[in-house]
Amino acid sequence: MFIDDFTLRKMLKEILKKKNRYQIIKEIRKTGEKIQHVQIDKFLLEKDVSLSTLKKIDKYVCRFYYEEGTAPQY
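For any residue, its number in this note's numbering is found by taking its place in the sequence shown, counting from 1, and adding 1.
Have a look at this one:
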């Protein structure tokens with residue numbers, strides 16, 4: 002996993018067309034990770050976020066596309 006924040010942001014925005022933020026937060030928390038709405042908002046607004054937040058979002062996006070069985074559109 003190489004974190005490219007621009008592509009990751011674009012892929013997260015695509016997921017947000019299908020799900021809302023609350024559903025995403027709930028799914029991330031199911032895996033035992035701690036995350037808040039503010040962290041996703043800051044990431045989407047291109048503000049500074051921690052590396053651990055990027056890892057959590059990256060894991061979620063990868064898992065989402067794996068479970069859906071589709072390839073992300075870059």
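The beta carbon of each residue, even a glycine, is placed where N, CA and C say it ideally should be.
Alpha carbon to alpha carbon, how far is residue i from residue j?
| i | j | result |
| --- | --- | --- |
| Leu52 | Lys14 | 19 Å |
| Ala79 | Lys11 | With the chain represented from 2 up to 75, any question about residue 79 goes unanswered, as that position is not in the structure. |
| Tyr67 | Tyr61 | 10 Å |
| Asp5 | Lys27 | 24 Å |
| Lys35 | Gln24 | 14 Å |
| Gly70 | Gly33 | 23 Å |
Let me check understanding here. Comparing Cα to Cα, which of the options lies closest to residue i?
| i | options | result |
| --- | --- | --- |
| Phe44 | Ile16, Thr32, Ile58 and Arg64 | Ile58 |
| Thr8 | Gly70, Lys20 and Glu47 | Glu47 |
| Cys63 | Gln37, Ile29 and Tyr23 | Ile29 |
| Arg22 | Gln40, Glu69 and Leu55 | Gln40 |
| Thr54 | Phe65, Gln37 and Gly70 | Gln37 |
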